[in-house]
Each structure stands twice: as structure tokens, then as C-alpha cells.
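Have a look at the structure below before the remarks.
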Amino acid sequence: MNKERKEPDQKGAFSRRQILTAAALTAPAIAVLGASAALAQPGKPANPQTRPQMARNRPIRLTGNTVLITGGGTGIGRGLAEQMHQLGNKVIIASRRRAVLEATAAEFPGMEVMTLDVRDPAGVRRFAAEIVERYPDLNVVFNNAGIMRRENLLDQQADLADMHDTIETNLNGPMRLTAALLPHLQTKPQSIIVNTTSGLAFVPLVTRPTYCAAKAAFHSYTVSLRYQLRKTRIEVFEIAPPGVQTELMPGQSRQPNYMPLPEFINQTMAQFRQTPPPVELLVDGVLGLRYAEREGRFDAAVDSLSGAF
């Protein structure tokens, strides 16, 4: 957020004029998302009744685990991998780009790399079998791999491959991987699954329709997964980031309105340390999106994010 923040209107959202002004000052395709934190009323904490339910009343062990992080070579995945490594966990990072993984692992002695394309069903099955064989103590999985593409739904010449890749990477892939690893995770005294969705799962940015739809579906899947596993020893968490300074989209890491990556990681890990931790790990900047519909601000929030386009 800019230091000189405008006051929101009575609904708690910025006006169209304010958003248009912000869009004119920065790259419109991505900077407006930085206003998401302003959708919550400044100085007013979220209604306690809207806070997510807590995990079962026991602490989460944050050291001595064997941890898989997909998309672990860059961005949020890399930040999580660094934190988990520093806490004394065995960390395996996975993605399609082995060179990126190896560059990250070289900075953290003992970190392991495995290539994985979550879009490939047969490849996911092979990967699951291999990682369980190589790392039989695996008990924590971060489903973090993701891509975002800009789409014009009125463009008759648009390549539907972008839609397909977005759904396969952000939704079908992590669901496949989870299904493949569940039998193994159920054998452990305590296992954890952490799914990365997005604040845009709750309020869409209309220029990223398939991404937002996939993340909304992944949120719903995560709720169902948690419920179905409630009588097991597997805890299920969700990370729903706001706009964060990563390279999810070109130039995003340089956007001043976005949350710095270290700050996002620190706030997220602080919530993990709570006893019990919340099942939805929500940093301050995403609360306005998460609770917009429940608090009657959904239309204003959509307009604030997307009204400039």
C-alpha cells in the first residue's frame, strides 16, 4: 500500500475514481490488486465471528519434518522452503524447472530437488512413488505450484491452451498430487497438507478469470479435504495470499503496492506457530478480500479490483 492511503467509502472499499488514479500511476494489469488491503476498514479489526476456525487443539510441529514444497524454487514457495529449512526440516523442492531448483538449493545445504510437472497425471503418480521411496519420512506437503495468465474472454482468437494450463497447474495438479500421497501421509503420526490458494479465490480480478476460478475451486476442495480428513492424523491448512512481490506475473516483484515477500512469509509462519494455528493462514492484507462477501462488500470489492479495466 502507498503510505498516503485514501480513506475508504462507507462500504469500506475505495471508490472507482481512487482505483483509476492508482491504476494510472502503476501498471494497470497488476497494481490495482495492491489495493486489496484497503478493502478492509482501516483500524477496524475483522469481526471475530468471521475469523477462520482453528485446527484441532494441538500444536503443529515445525521442526524435524520431511517437507515437500511444489513451486519451491521461486516466490512464495522459495520463501517457505527457506523458512522450513532454517527451522531444521528436511526440505524437498519440486517444479518443472530443475535449473531454478538447483540454484535455490545451492543456497541452502541439505535442501533436495526433484522435478515435477503437476499437469502430467502419469508423471505425478511416478513422482509420488519416487518421493515416498527416497524420503519415507515425508509428512508435510505444500501444494504451492501456480501460474497466472491474463485473458480476454471476448477474444475469439484466444488460445484455450492458457485456460487448460492454468486449471491443470492450479487445480487438477495439486489435487492429483494430494490423492497420490494421501495413503502415505495417513501412516505418519502427524501429517500436514498446506494448499496455496489466493485472495482472488474470494474476489476475482476479472482480467485473470481462469486463475481466479481455479483458486476458488481449490479453496472449496481444501475445505472438503479438511472435513473428510477430520478423523485422521492429517491437518489441512490453506494459505490465501494477497498481492505479494513475486514474479507470478512479469514485473510484479517491483510493485510498491504489493506486500514484500519476506513480510508475507513472516506473518504466515507466525500464524503457524499459534496453538492451535488457524486453518486459513490469512495475512492482514488479504482480510478485505476474504470477508468481502460475508460483510456485504463483494460488489464494491470486485469493482475496486477490476473497475479500472
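Taking our numbering, the leading residue of the sequence shown gets 143, the next gets one more, and so forth. Backbone N, C-alpha and C define an ideal beta-carbon position, used for all residues, glycine too.
- For P346, the closest of N231, L204, A382, S448 by C-alpha to C-alpha distance is S448.
- Leaving aside the five residues that flank Y277 on each side, the residues in its chain whose CB is nearer than 6 angstroms to its CB run, in chain order, T208.
- By the criterion of at least three beta-carbon pairs nearer than 8 angstroms, the segment 348-368 is not in contact with the segment 399-410.
- For K232, the three-state secondary structure derived from DSSP is strand.
- Contact annotation: G341 and L210 have beta-carbon atoms that are not nearer than 8 angstroms.
- Each residue's CA atom was taken as its position, placing R436 and G215 some 35 angstroms apart.
- Secondary structure at N285: strand, using DSSP grouped into helix, strand and coil.
- Secondary structure in the segment 252-336: the beta strand (DSSP E) runs of 3 residues or longer, each lying completely within the stretch, are 254-257, 280-285 in chain order.
- Less than 8 angstroms separates the beta-carbon of M253 from that of V233.
- For the pair of segments examined, the segment 417-426 was found to touch the segment 376-387: the number of CB pairs separated by less than 8 angstroms reaches three.
- E275 is not a Cβ neighbour of P351, given a cutoff of 8 angstroms.
- Taking all protein chains shown into account, P325 has fewer than 16 neighbouring C-beta atoms within 10 Å of its C-beta and is therefore exposed.
- Nearest in C-alpha terms to R439, of all of F344, Y369, T329, R268, is F344.
- For Q328, the closest C-alpha among the options D259, Q370, L295 is that of Q370.
- Going by DSSP, V242 is part of the alpha helix (DSSP H) stretching over 240-247.
- One alpha carbon belongs to V260, the other to A245, and they sit about 21 angstroms apart.
- Here the alpha carbons of R368 and I289 stand approximately 24 angstroms from one another.
- If you draw a straight line from the Cα of L424 to the Cα of L319, it comes to about 24 angstroms.
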